[in-house]
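Participant:
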Amino acid sequence: MRTVQFREAVREAMIEEMERDESVFLMGEEVGHYNGAYKVSQGMLEKFGDKRVIDSPITECGFAGLGIGAAMVGMRPIIEFMTWNFSLVAYDQIINHASKIRQMSGGQISCPIVFRGPNGPANQLGAQHSHSMEAMYTHFPGLKVIAPGTCKDVKGLLKSAIRDPNPICFMESEVMYGDTGEIPEGEYTIPIGVGDIKREGSDVTIIAWSKMVKVALATAEALAAEGIEAEVLDPRTLRPLDEELIVQSVKKTGRCVIIEEAFPFNGVGSEIAFRVQSRCFDDLDHPVARLNSLDVSAPYNRKVEQSIRPTPDKAAALVKKVLYME
Amino acid sequence: MRTVQFREAVREAMIEEMERDESVFLMGEEVGHYNGAYKVSQGMLEKFGDKRVIDSPITECGFAGLGIGAAMVGMRPIIEFMTWNFSLVAYDQIINHASKIRQMSGGQISCPIVFRGPNGPANQLGAQHSHSMEAMYTHFPGLKVIAPGTCKDVKGLLKSAIRDPNPICFMESEVMYGDTGEIPEGEYTIPIGVGDIKREGSDVTIIAWSKMVKVALATAEALAAEGIEAEVLDPRTLRPLDEELIVQSVKKTGRCVIIEEAFPFNGVGSEIAFRVQSRCFDDLDHPVARLNSLDVSAPYNRKVEQSIRPTPDKAAALVKKVLYME
Amino acid sequence: MRALNQDPPLEKPPAMSRIEREVLQVEEKAKLLKYYRDMLAIRRVEEACAKAYSQQKIGGFLHLYIGQEAVAVGAVAALKPDDYVLTTYRDHGLAYAKGMSARAIMAELFAKETGCSKGLGGSMHFFDAANNMMGGWGIVGSHLPLATGMAFASKYRKDGRVTLCFYGDGAASIGAAHEAMSLAALWKLPVIFICENNMYSMGTPLSRSLSVEDTSQKALAYGMARDRFEGNDVLLIRNRIAEAVRRAREESLPTLIEVRCYRYRGHSMSDPGLYRTKEEIEEFKQKDCLLIARNYMEQLGVGEDEFKNFEKVVKDEVDDAVKFADESPVLPVERLEEFNYID
Amino acid sequence: MRALNQDPPLEKPPAMSRIEREVLQVEEKAKLLKYYRDMLAIRRVEEACAKAYSQQKIGGFLHLYIGQEAVAVGAVAALKPDDYVLTTYRDHGLAYAKGMSARAIMAELFAKETGCSKGLGGSMHFFDAANNMMGGWGIVGSHLPLATGMAFASKYRKDGRVTLCFYGDGAASIGAAHEAMSLAALWKLPVIFICENNMYSMGTPLSRSLSVEDTSQKALAYGMARDRFEGNDVLLIRNRIAEAVRRAREESLPTLIEVRCYRYRGHSMSDPGLYRTKEEIEEFKQKDCLLIARNYMEQLGVGEDEFKNFEKVVKDEVDDAVKFADESPVLPVERLEEFNYID
Ligand SMILES: Cc1ncc(C[n+]2csc(CCOP(=O)(O)OP(=O)(O)O)c2C)c(N)n1
Ligand SMILES: Cc1ncc(C[n+]2csc(CCOP(=O)(O)OP(=O)(O)O)c2C)c(N)n1
Ligand SMILES: [Mg+2]
Ligand SMILES: [Mg+2]
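Residue numbers (the numbering used here), protein chains in the order written: chain D, 1 to 326; chain X, 1 to 326; chain L, 1 to 343; chain E, 1 to 343.
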C-alpha cells in the first residue's frame, strides 16, 4: 500500500489507462497547460502531448458531444467537466445522445466514454456552483453513474470506467482532492456496480457515497463511543446500484439511514429508500430515514452553508431517532 | 359545465390570462402562424398579434433564457417547449438561472415565468422524443412543477401558474390534447400544491398524475368489478407536493401504489414512496409499490412500446399483489 | 425564389458545351445513371413510406426527403465508403445513398427486427455502421458536435476519413451548431457541415427565423471555408462538395456549405403545409433534380426505354422491401434490456 | 500585443488638439473627475477584497476586475440610470459603476445580511434592482439570453431602456451566446453585447480558444452592427459605447462590441498566473486606465493635490465599507427557506 492524494489517484488511473490504450484521451477546460483547475491532470500534457491532453474552449455541449462522436467510432474519451455544474449546458448531449446510442442503433454502435469531474458543493461557491448532480444522471437507462468516496475506490473505479464500453458519469469532489488515502501498490481495478462495506456494524446501516462516506464514518465512530454499532455501506456505483448488498445489510441491521449531500427531493436517496422499503419491509424497525442538505439553494456565507449540509452530528441524531433513542 | 378538449382548456387559460394581464406573452416554436405544433395555440396569433404570440427560431436555450430575463424585469412570459424533450438544451437556463434568481439576488428579483408543453411519450416517437421529465425539475428548490390530468385541472392550474410569481414547469401531454372533459362555465383557478382525490376508496391508494390519472381510474374501475375499492389520488402539483393529502389517504387505506410513466430510477414516485413510508410506516400493510415504464429507452414499435408502459392491467395486478391477493 | 432576395446570387446549373458532353459521355455516364437510379429509388421509397403511413403500417413522425434527393446522392458521390455521414430525422434519403438497402429502411419503418436499427430507432434514427451512416438524430442541431467528434477521431488516428454532417436551416441558430463549428475551425478538423436550407423549418420561413438568410455566412465567425449553391443538379452538388472533401482530406480543414433546396411534402406527415402556396411548390418542381438529371442523360443519349427500365427496377426493389418489411418479425419486448448496456 | 497579430489594428487613444482640450475643459471636466474617481474606487475596493481574502474574511471564488476598470465606468457613463446591465462573475466593478455602494459590495463579500444580495449570492452574484444591476452570473455565457430578454421586455413595453451585457472572450464560442445574439438580431432588440476580451479565459490565451481572435467578427453571422476598440481610455470607451446605445435606443438595433483589455491579477485568487510573463503584464500596466485618465486630467489642469484627495476620499470609503461589512450581522440559516419561493 502507498498513500496518495485523491487527485493523484484520479490522475494515476488516467495515466495508466492512457498508457495502456492509445485510444484514450483527456479533453476539458484547462486540463493541459494549466494542469487542471484542481491540478488533477498535473503533468499529463507534458507526458502525453497535446494530441492526447486537450485544452478545450468553454463549450461543454460542443466537447461533450465531440467526445460522444469520437466514442461512437471507437475512441475512448475522458471528458472532464471543470465541475459537474457545467454539465447542465451539455445535458442534452449526455441524456439524449450518449445514453441512447446503443439502443437507437439497434446495438450496432456503442459509446465508450467517461464524463468526469468534481461534483457537489465546495466552499462558498454560491447557488450556481454547488450542485450535487447524481440524480440528474441516474434516472436514465444507458448511463452508469459512479461516485467513489476513497482514494482506493476512485482509482480502481476510474480504471474500470475507462475500460467500460458504456457511457459513464464519474463524479469526484473538489474538497476531497486533497484528501489522502492508501491504495494498492500494483495495478488494480474495482468492478462497477459493486458496493463496499466501509465499516461493519449491527445496529443500523448508514448508506453514503462520495464525500458523505467520510461523514458516515465519523458518525459511526461517534456512535460507537455511545455503544451503537453502525454499518457504513458505500454503494460506490449509483447506477447500477448494488441493491443486493444494501438489502443484505439492512436485513441484518433492521434500520437504514441515508446520507446524501444533494437536495432531498428526488435525490438518489429516495430511490434507495424505495428499494429498501420494498425489499426489507418486514425487517425494518423504523422507516428508512435520510439526511440531505437543506432544501435551499446554496447560500454564500461559510458558516450558514456548512449548517445546511449533512454533518456527523446531524447524522448521529438521526440514527438515534431511528433507534428510538430520543 | 361545458365540455372542451384538453388543448382547448390550455388555450382558454392562456387567452384569459393574456386578456387580463398585458405583461403575459406566449413564445415558442410554431406557436403563432402554425397555430401550434399540436394546435394548442390555435387562433391566438390572430387574436393577440405577433407582439404577444411570438414564433421563435429553434433556440430553446435562447428563448427560455429570454423569457427568464423578461420575467426578471416584470414580464409574465409563457415559454412553450414544443415538447419537454427539447427542454434538455435549455436545462441550464431553468435549473441554474430561473430557479435561483430570487435566492441569489437576496429576494430583490423574482422570476414569474411558466415553461409549458407536452411531456411524456406519445406514439412511436423513439428514444429521444419520449421522455417524462418531471423528476428532472422537481429536484430543485425554487421551481414548481405541475402535471395535471384533466381538462378542468389543466385550465385552473395553468391560470394559477401564470399568475404565480415563481418559475413553473407546467407539463401537459401530447396524447391527452384531444381528450375531452368538463370544465366550469365561469372563470376559476385551482390552487398550486393541492392534490385531488379523483375517486374515493378504502382498500388502496393509487397515486397518479398527468396521463396516468386515466390509467389509475381505469384500474380502479376494473378492480371495483372485483370488489376492490381503490382511492385515486392525483397530486396535480408535484412540487410542492401535497404530502398531507397523500398521508391522509394512505393512513386510511394502508396501501399505496404509484403509477408513473417515467423511468423508475429516481422518478417522482421514489420521492413519494420515501415520504409515504416515512410518515405511514405503521399504517402500511405492504411496502409502497410503483409501476413505471420499463427501464429502457423507448422502442419504436407501437405494440412493443405500449407493452413497456403502465397499463390498467399491470396496475390492477400490482394492486392485488399489494393486497396479497395473489 | 422568394427567400433569396437579400442574398448573393446562386450558382446556376451549368449549360454543357460539346466537349464537356463528350468527356462526360466517357467518364461519367455510368455514374450519372447510378445517381439517377439512386435519386429515383429514394423518391419511390419515400412515396412507399407515405402510402404505408396512410395504411398505418408506419407510425410516429415521418419526415420525407422528396425534392432534396440530389443533395444526399450528390454528396455521397463525393465520398469514399469509409467516410462518415450524419443527418437529422429526415434521414431515409441519405441512408439509402450511403448504401443502406431498401429492405433495411422499410423494415425499420415498419418497426421490425430486420430493420437497420432492429426496429428500435425508427424513422428518425437510422444507423448503418457498416456503411458509416452514423445516424439519424432527432434533436435539432445536437448531432453537429458528434460529427465534429468523428472528425476529431479521424485526425487523431490519421485514418484519412472525412465526416459529412447535414442539418436544416432550422438548426443554424442553435447553440450546439455554434459550438461544433467553433471547435472544428479551431482544431482544423476534417468535417463538412452541410446546411440543407429548404427555406422552412416546419412552418417558419427563413425571413422569420434568421436575420441573415444565407446560413453559410456563419462561417465568417470561425474563419472557416464556405460555399453555397442550389441543390437540384446532382453533378454540380457532387463537384462542389468534392472540393470541400478535398480540403478536409488533404488539408484537414472544415467547410460550411449551404445547399438551397426545397421539400415538396409537408414537414412531416401531419403537416398540411398551409404556410406556402401551390404555386411556390410548382415552381420548385420545375427544377426537380430528376428532371435535371434526366435532361443530362438525354443529352448523353439515354432513351425512353432505359428510363422505363429504371422505374421498373426501382419499383421491384421497393415492392420487395415493403413485402420484406411486412413479413419480418418484431423484436420481442423481452429483449429490450439487452440494449441498455453492452458488457 | 501578442494576440492581435492576425486582427485589424485597434483604435488608438486619440491625441487631443487644443480645441478639443478646451471643449473638454468646459463640458467634460466634471465628468472625467467622476470617472477617475469611480475607476480608482473600483481598484481600491478590489485591492481591499484581495486583502480580506488573504485574511480569510472573504472565501469562495474571487475574481478581481483590476486593469479593466475603464470598461465598466466608460460603459455606464454612456447609459441612463434606467438602463439594465449584466455581467459575469467578475462583477464588482460594474456593480460599483452602476451605483452600488462600497458598503453593499463589501458586506456581500463578507457574506453578511447587509450585502447587496443579503450575503446569499456572494462575489459572483451581485444584484442591485434599484440601480438596474441585473447580475452577476456564474455560468459562462448563460446570461446573454437573459440580457436579450430584458431588451425584449423594453421593446415590448416601449420603455426606451437599453440593456448592456458584458461577457468574456471565453464565452464567445458557447451556445447560449450564439442563441442570444441570433434572437437579438432577428428581433432587432435594444441590447449591446460587450465582449471584454482580456485575452485569456483562465489560463487559455486566445490563440488556443478561438479560430478568429477578433470576437466582434461573430456579428457578421447575424448581420449585427459591430465595433472594436481598446479598453483603457475611459472617454473613448464611453463615446464608442454611446454610439451603440444610440443605435439601440433610437433604432432598436443590437450591437456587438469587443473591448480589448487586460486583467492584472490571476483569473481568481487561486490562480498564480503562470501562463503569462511579468513583461507582458508590465506592458499593459504602462497603458493603465488610471494613467491615461490622469494624463487627460493633468492636461485639464488637475493638480497633485486633487489626486491625493481622490485617494483619500476613496480610501475612507473603502475603509468604511470594510468596517461596515465586518460589523454587519449574518442572515440566519432559519431564514433561508424564505428565498425558495415568493408568495
Ligand atoms: C431542439 C429541438 N427543438 C425542437 C424540435 C422540434 N422540431 C423538429 S424538426 C423542426 C424543424 C426543423 O427544421 P429544419 O432544421 O429547417 O429542417 P427540415 O425539417 O427543414 O429538414 C422542429 C422545430 C427538435 N426536434 N429539437
Ligand atoms: C459553462 C461554464 N464552463 C466553465 C466554467 C468555469 N469557468 C469560470 S470562468 C472561466 C473562464 C472564463 O474566461 P472569460 O470568459 O475570458 O472571462 P474572464 O474570466 O477573462 O473575465 C471558466 C472556464 C463556467 N463558469 N461555466
Ligand atoms: Mg428546413
Ligand atoms: Mg477573458
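Ideal Cβ positions, reconstructed from N, Cα and C, are used throughout, including at glycine.
With a threshold of 8 Å between beta carbons, is L:Q6 in contact with chain X?
Facilitator: Only weak support is given to the placement of L:Q6: the predicted model assigns it a pLDDT of 45, under 50, and the value that follows is read from those uncertain coordinates. Not closer than 8 Å to any Cβ of chain X, the Cβ of L:Q6 fails to qualify, so no.
Participant: Are the CB atoms of X:F263 and X:D295 nearer to each other than 8 Å?
Facilitator: yes
Participant: L:T88: which of L:P205, L:N197 and L:G223 sits nearest, CA to CA?
Facilitator: L:N197
Participant: Could you tell me the boundaries of the alpha helix (DSSP H) in which X:C61 lies?
Facilitator: For X:C61, the enclosing alpha helix (DSSP H) covers residues E60 to M72.
Participant: Where do the N-terminal and C-terminal ends of the beta strand (DSSP E) with E:F347 fall, by residue?
Facilitator: Since the first residue shown for chain E is 1 and the last is 343, residue 347 of chain E is missing from the structure and cannot be characterised.
Participant: Per DSSP, D:K144 is paired with what?
Facilitator: D:I168
Participant: My understanding is that X:E261 touches X:P310, with C-beta atoms under 8 Å, so please give their C-beta distance in whole angstroms.
Facilitator: 6 Å
Participant: If we ignore side chains and look at the alpha-carbon of each, how far apart do L:D326 and L:I58 end up?
Facilitator: In this structure, the alpha-carbon of L:D326 lies about 11 Å from that of L:I58.
Participant: Could you tell me whether any non-hydrogen atom of ligand 4 is closer than 7 Å to the CB of E:G168?
Facilitator: yes
Participant: In this structure, does DSSP put E:I292 in helix, strand or coil?
Facilitator: Note: E:I292 maps to helix in three-state DSSP.
Participant: Can you list the residues of chain E that D:D179 reaches, using a CB-CB cut of under 8 Å?
Facilitator: Those within 8 Å of D:D179 in chain E number zero; the least Cβ separation is about 18 Å.
Participant: Alpha carbon to alpha carbon, what distance is there between L:P205 and L:K308?
Facilitator: 37 Å
Participant: Does the pairing of the region 123 to 133 of chain D with the region 79 to 90 of chain D give three or more beta-carbon distances under 8 Å?
Facilitator: yes
Participant: Identify the contact partners of L:A171 in chain X, using a Cβ-Cβ distance below 7 Å as the criterion.
Facilitator: Here the neighbours are I58.
Participant: Identify which residue in L:E298, L:A293, L:M297 and L:Y262 has its Cα closest to the Cα of L:E282.
Facilitator: That would be L:Y262, whose Cα lies nearest to the Cα of L:E282.
Participant: What's the gap between the Cα of L:Q6 and the Cα of X:A64?
Facilitator: Bear in mind that a pLDDT of 45 at L:Q6, under 50, signals an unreliable position, so the number given afterwards is only what the model happens to contain. Near 29 Å, if we compare the C-alpha coordinates of X:A64 and L:Q6.
Participant: Taking D:V319 and D:L223 to be in contact with their CB atoms under 8 Å, please state how far apart those CB atoms are, rounded to whole angstroms.
Facilitator: 6 Å
Participant: For the region 52 to 86 of chain D, which residues have a CB atom closer than 9 Å to at least one CB atom of chain L, in sequence order?
Facilitator: R52, I54, S56, P57, T59, E60, C61, G62, F63, A64, G65, L66, G67, I68, G69, A70, A71, M72, V73, G74, M75 and P77
Participant: Quick one: is X:R102 near chain E, going by C-beta distance under 8 Å?
Facilitator: yes
Participant: Use the C-beta contact count for E:N132: other C-beta atoms within 10 angstroms, 16 or more gives buried, fewer gives exposed.
Facilitator: buried
Participant: Are the C-beta atoms of D:G126 and some chain L residue less than 8 Å apart?
Facilitator: no
Participant: Beta-carbon of E:H143 versus every beta-carbon of chain L: anything under 8 Å?
Facilitator: Not one chain L Cβ lies under 8 Å of E:H143.
Participant: Check whether the Cβ of L:N198 sits closer than 7 Å to any heavy atom of ligand 3, and report yes or no.
Facilitator: yes
Participant: Against chain X, does L:G59 count as a neighbour if the rule is that its beta carbon must be under 8 Å from one of theirs?
Facilitator: yes
Participant: What's the call for X:R20, buried or exposed, on a 16-neighbour Cβ count within 10 Å?
Facilitator: exposed
Participant: Are the beta-carbon atoms belonging to L:L189 and L:P254 less than 8 Å from one another?
Facilitator: yes
Participant: Are D:A161 and D:I146 closer than 8 Å when you measure CB to CB?
Facilitator: yes
Participant: Helix, strand or coil for L:T346, going by three-state DSSP, please let me know.
Facilitator: The requested residue 346 of chain L is not part of the displayed model; chain L covers only 1 to 343.
Participant: When you measure from the CB of E:H63 to every non-hydrogen atom of ligand 2, does any distance come out below 7 Å?
Facilitator: yes
Participant: Under 7 Å from any heavy atom of ligand 5, does the C-beta of D:F86 make it?
Facilitator: Judged by which ligands are present, ligand 5 is missing from the structure shown, whose ligands are ligand 1, ligand 2, ligand 3 and ligand 4.
Participant: Helix or strand or just coil, what does DSSP make of X:C256?
Facilitator: strand
Participant: Can you pull the chain X neighbours of E:E179, defined as C-beta to C-beta under 7 Å?
Facilitator: T59, C61 and G62
Participant: Is it the case that the region 113 to 124 of chain L contacts the region 97 to 112 of chain X, given that we only count it when at least three CB pairs across the two stretches are under 8 Å?
Facilitator: no
Participant: Relative to the alpha-carbon of E:S211, which residue among L:D214, L:K218, L:W187 and L:M202 has its alpha-carbon at the smallest distance?
Facilitator: L:W187
Participant: When the distance is taken between beta carbons, is E:E113 closer than 8 Å to E:L331?
Facilitator: A contact, by the Cβ cut-off of 8 Å.
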